Amino acid sequence: MGRRTGTTFETKLFTAITLIVGIVVVGVVAYDIYLHPPEPKPVATATIKVSGTSHIQGDVGTVSTTAALGTFAIEGRAPITVEVPFGRADHIVANIERESGVVEIRVACKTVAKQEDSGAVLMWKVPRGWDPYVLPKGWPKCPRERYVL
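In terms of the working numbering, the sequence shown opens at residue 221 and continues consecutively.
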């Protein structure tokens, strides 16, 4: 009985494919951890304004993959202004129930989301590359102390 050379080749091929797949999986997991650190620091603040005179209730805050900053319940009578810290790639959320008025999310000197209907759910996704010292092109200039923590 002679030695089969196909099994050695197949074993080496299987080992090589397994190593390549393992390297790709480790790389993808490492990249995901890099994009979503466990304790992201806030990079700036957003202002959620509710105008009008009616009773309001709802949730405001940030939604992220780490849920480090979170949302907060609010209830009261408009007008009300809430400042919310945010990190890169977070979503600023305002889920407000009211009879009338306007809900808006402002970042720096720009309104990034606005809703005049009652029961609005507003959301703005913070760009992953957000730089608190350089505003995006087309945004109005405003004093630095208004948008940097």
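Glycine included, each C-beta is placed from N, C-alpha and C at the ideal position.
For clarity, every value in this text was computed on a predicted model and none was experimentally measured.
task: Kindly list the residues whose CB is nearer than 6 Å to the CB of GLY242, restricted to its own chain and excluding five residues on each side of it in sequence; keep chain order.
output: Residue 242 sits at position 22 when you count from the first residue of the sequence shown. If we look at GLY242 and ignore the five residues flanking it on each side, it has no Cβ neighbours.
task: Helix, strand or coil for THR273, going by three-state DSSP, please let me know.
output: The count along the sequence shown starts at 1 and reaches residue 273 at position 53. In the structure shown, THR273 sits in coil (DSSP, three-state: anything other than H, G, I, E or B).
Limits of the unbroken beta strand (DSSP E) element including TRP359: If you number the sequence shown from 1, residue 359 lands on position 139. That residue, TRP359, is in no beta strand (DSSP E); it is neither H nor E in DSSP.
message: For the beta strand (DSSP E) containing PRO299, name the first residue and the last one.
response: The residue given as residue 299 occupies position 79 in the sequence shown. Element bounds for PRO299: n/a, residue is neither H nor E.
- prompt: Does the beta-carbon of PHE229 have 16 or more other beta-carbons within 10 angstroms, so that it is buried, or is it exposed?
  reply: Locating residue 229 in the sequence shown gives position 9, where the first residue counts as 1. Exposed: under 16 other Cβ atoms inside 10 Å.
query: With distances taken from CA atoms, which of ALA264, LYS232, THR238 and VAL270 is nearest GLY321?
result: Start at 1 with the first residue of the sequence shown, and residue 321 comes out as number 101. It is VAL270 whose Cα lies nearest to the Cα of GLY321.
- prompt: Thinking C-beta only, is PRO352 closer than 8 Å to ALA264?
  reply: Taking the sequence shown and counting its residues from 1, the one referred to as residue 264 is at position 44. Taking the sequence shown and counting its residues from 1, the one referred to as residue 352 is at position 132. Closer than 8 Å, so yes.
task: Note down the Cα distance separating LYS232 from ILE240, rounded to an integer number of angstroms.
output: Position 12 of the sequence shown, counted from the first residue, corresponds to residue 232. Position 20 of the sequence shown, counted from the first residue, corresponds to residue 240. One C-alpha to the other measures close to 12 Å.
query: Whose C-alpha, out of VAL332, VAL341, ASP337 and GLU336, is nearest the C-alpha of GLY358?
result: Sequence index remark: in the sequence shown, residue 358 carries index 138 (1-based). Closest by alpha carbon: VAL332.
message: Alpha carbons only, please: which of VAL304, ILE253, GLU319 and PHE306 is nearest the one belonging to GLY296?
response: As a working note, residue 296 is residue 76 in the sequence shown. Checking every option, the nearest Cα to that of GLY296 belongs to GLU319.
query: GLY272: which of LEU342, VAL323, TRP344 and THR291 sits nearest, CA to CA?
result: Residue numbering aside, residue 272 sits at position 52 when the sequence shown is read from its first letter. Nearest option by C-alpha distance: VAL323.
message: For ARG348, list the residues DSSP reports as bridge partners.
response: Translated into positions along the sequence shown, residue 348 becomes position 128. ARG348 is not bridged to any residue.
query: Leaving out five residues before and five after GLY349 in sequence, what residues of the same chain have Cβ atoms less than 8 Å from its Cβ?
result: The count along the sequence shown starts at 1 and reaches residue 349 at position 129. ARG308, listed in sequence order.
query: What did DSSP end up calling ALA328 once you bin it into helix, strand or coil?
result: Mapped onto the sequence shown, residue 328 falls at position 108. DSSP places ALA328 in coil when its eight states are reduced to three.
task: Give me the Cα-Cα distance between ASP279 and LEU355, rounded to the nearest whole angstrom.
output: Looking up residue 279 in the sequence shown gives position 59. Looking up residue 355 in the sequence shown gives position 135. When rounded, the distance between both Cα atoms is 27 Å.
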